[in-house]
Amino acid sequence: AQTVTQSQPEMSVQEAETVTLSCTYDTSENNYYLFWYKQPPSRQMILVIRQEAYKQQNATENRFSVNFQKAAKSFSLKISDSQLGDTAMYFCAFMKHGAGSYQLTFGKGTKLSVIP
Amino acid sequence: DVKVTQSSRYLVKRTGEKVFLECVQDMDHENMFWYRQDPGLGLRLIYFSYDVKMKEKGDIPEGYSVSREKKERFSLILESASTNQTSMYLCASSSFPGGAGQPQHFGDGTRLSIL
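Chains A and B supply the protein sequences, listed in that same order.
If you want my numbering, it's the position in the first sequence, counting the first as 1, plus 11.
If you want my numbering, it's the position in the second sequence, counting the first as 1, plus 335.
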């Protein structure tokens, strides 16, 4: 079974600064997918970024980028130029690769507050 | 854009009631999911379905059942609601096939209180 660990229950960052959210996972699989989801207060959970384990290049989406270290089983999210709208719960999630594999395994989340 | 709609944002029910939570998606997705979200526990999968009339247990299926009679609709049923089922419930959908890294798309959630 896979496990996903987010060791920072809460974090805060000043507006316009950079913040990094940590995520580690445990798996015996070689091929898999990793995700970061964002859940703003009282709003819908949305996908921030997706990484394929067999791709060495780190995924980026505008101000969001990841540091994927496969050997260390680490998948951190960096948010650059933080904005007030980045205030949200952030969840790291894991999905196995292969037919019949549907399940996302989530971490417990990191609550990020962006301070004006 | 994918739209996943949950029938209620807030719901209050009494212990012992049979409770139905409804979810509809408009993107012809094969896969649908029900999660429970509790503070400090993250999201935990209750049930999922990869086709009409098909269902699979997730990590915490006890006390719940599901129904998928049509491709676009996935219902979560609390057979006899108990106070420990007070929680936020999230529905999600994703496209076929499973295991290819398709992201899941979420509804707004239903905050259910059992009194």
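A virtual CB, placed ideally from N, CA and C, is assigned to each residue, including glycine.
Span separating the alpha-carbon of Trp47 of chain A from that of Gly393 of chain B = So the two alpha carbons sit approximately 21 Å from each other.
Would a C-beta distance cut-off of 7 Å place Val387 of chain B and Arg403 of chain B closer than the cut-off?
-> Their beta carbons are under 7 Å apart, which means Val387 of chain B touches Arg403 of chain B by this criterion.
Close-in-space but distant-in-sequence residues of the same chain around Leu4 of chain A (CB under 8 Å, 5 per side omitted) | A query on residue 4 of chain A cannot be resolved here, the shown segment of chain A reaching from 12 to 127 and no further.
Reduced DSSP secondary structure (H/G/I, E/B, other) of Asn366 of chain B | DSSP places Asn366 of chain B in strand when its eight states are reduced to three.
Under a Cβ-count criterion, where at least 16 other Cβ atoms within 10 Å of its own Cβ denotes burial, should Ser93 of chain A be classed as buried or exposed?
-> Residue burial is scored here from C-beta neighbours: Ser93 of chain A has at least 16 other C-beta atoms within 10 angstroms and is therefore classed as buried.
Between A:Tyr43, A:Lys122, A:Glu28, A:Gln19, which lies nearest to Gln67 of chain A when the distance is taken from Cα to Cα?
-> Nearest option by C-alpha distance: A:Tyr43.
Is Thr340 of chain B closer than 7 Å to Val359 of chain B when the C-beta atoms are compared?
-> For the 7 Å CB-CB criterion, Val359 of chain B and Thr340 of chain B form a contact.
In this structure, does DSSP put Leu32 of chain A in helix, strand or coil?
-> Reduced to three states, the DSSP call for Leu32 of chain A is strand.
For Gly375 of chain B, return the contacting residues in chain A, with the cut-off set at a CB-CB distance below 7 Å.
-> Near Gly375 of chain B (Cβ distances below 7 Å), the residues of chain A are Lys119.
Would you call the CB atoms of Val125 of chain A and Glu26 of chain A closer than 7 Å?
-> Annotated as proximal: Val125 of chain A and Glu26 of chain A, with beta-carbon spacing under 7 Å.
Would you mind telling me which residues of chain A sit closer than 8 Å to Tyr425 of chain B, beta carbon to beta carbon, in chain order?
-> First, the residue type needs correcting, since residue 425 of chain B is Leu and not Tyr in the sequence shown. Neighbourhood of Leu425 of chain B in chain A, by CB distance below 8 Å: Met56, in chain order.
Taking buried to mean at least 16 other C-beta atoms within 10 Å of its own C-beta, is Pro456 of chain B buried or exposed?
-> No statement about residue 456 of chain B is possible, as the shown extent of chain B runs from 336 to 450 and does not include it.
Is the shortest distance between the beta-carbon of Phe288 of chain B and the beta-carbons of chain A less than 7 Å?
-> The shown model of chain B, from 336 to 450, leaves out residue 288 of chain B, and the question about it has no answer.
Looking only at DSSP bridge pairs, what is Asp373 of chain B linked to?
-> Paired residues: B:Gly377.
Do Thr14 of chain A and Ser87 of chain A have their C-beta atoms within less than 7 Å of each other?
-> Result no, Cβ atoms of Thr14 of chain A and Ser87 of chain A do not sit closer than 7 Å.
Check each residue of the region 432-446 of chain B: if its Cβ is closer than 9 Å to any Cβ of chain C, include it; give the result in chain order.
-> Annotation note: the requested chain C is absent from the structure, which comprises protein chains A and B.
Which one or two residues does DSSP pair with Asp37 of chain A in a beta bridge?
-> Secondary-structure assignment with DSSP links Asp37 of chain A through a beta bridge to A:Thr14.
At 3 residues or longer, and completely inside the region 36-75 of chain A: list those beta strand (DSSP E) runs for me, N to C.
-> Segments of the beta strand (DSSP E) lying fully in the region 36-75 of chain A: 43-50, 57-63.
Could you spell out where the beta strand (DSSP E) holding Val401 of chain B opens and where it closes?
-> Val401 of chain B -> beta strand (DSSP E) spans 399-405.
Below 7 Å between beta carbons: does that hold for Pro396 of chain B and Ile381 of chain B?
-> Yes, Cβ-Cβ distance for Pro396 of chain B and Ile381 of chain B is below 7 Å.
Going along the region 357-389 of chain B in order, which residues come within less than 7 Å of chain A, judged by CB to CB distance?
-> Answer set for the region 357-389 of chain B: Asn366, Gly375, Leu376, Gly377, Leu378, Leu380, Phe383, Tyr385.
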